[in-house]
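A.B. asks:
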Amino acid sequence: MQFTTVRVERPEGTPVAHGLAVQIETARDVEALTDEASRAVDLVWVYTTQGVPVLPLRRRDVLFDELLTDPETGQSAKYRLVGAVETFDDHQEALAERVVGA
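Numbering (this note's numbering), first residue to last: 176 to 277.
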């Protein structure tokens with residue numbers, strides 16, 4: 176589990192937020208991993224930690240980590256939201272895929 180901040184861009188490259196506090200953790204409980212166990216490290220759950228953003232997250236948004244780097248590339252870690260985003264009273268959560276080397 177990691178706590179960090181991210182910059183959020185829509186698929187067209189339009190920035191919609193920066194400094195968004197999130198928690199990122201490995202998605203070990205996703206049933207889709209049964210046929211391809213090596214993908215477990217590439218799927219994560221993303222949770223907002225300071226409420227619902229002014230422009231809420233949506234599927235296909237790209238999150239650029241503002242604090243942590245991708246150990247394989249040395250660049251900012253990057254995640255694409257691939258699952259439906261669930262919105263609650265005090266936070267949002269979504270399944271995301273780590274984008275490697277992009």
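In this text, a Cβ means the ideal position worked out from N, Cα and C, and glycines have one as well.
1. Go ahead and label D264 buried or exposed: buried means 16 or more other beta carbons lie within 10 angstroms of its beta carbon, across all protein chains shown.
2. DSSP on D217, reduced to helix/strand/coil?
3. Note down the Cα distance separating L242 from H266, rounded to an integer number of angstroms.
4. Could you pull out every residue in the same chain whose Cβ sits closer than 6 Å to the Cβ of P190, ignoring the five residues on either side in sequence?
5. Within 7 Å: the Cβ of V221 and any heavy atom of the ligand SAH?
C.D. replies: From the atom records:
1. To locate residue 264, count along the sequence shown from 1; it is residue 89. Note on D264: under 16 other CB atoms within 10 angstroms of its CB, so exposed under the neighbour-count rule.
2. Walking along the sequence shown from the start, residue 217 turns up at place 42. Correct three-state label for D217: helix.
3. Numbered from its first residue, the sequence shown carries residue 242 at position 67. Numbered from its first residue, the sequence shown carries residue 266 at position 91. Those two C-alpha atoms are separated by around 21 Å.
4. Within the sequence shown, numbered from 1, the residue matching residue 190 stands at position 15. Listed in chain order, the non-local C-beta contacts of P190 below 6 Å within the same chain comprise E184, local neighbours out to five positions each way being set aside.
5. Absence of the ligand SAH from the depicted structure is noted, as is the absence of any ligand whatsoever, leaving it without description.
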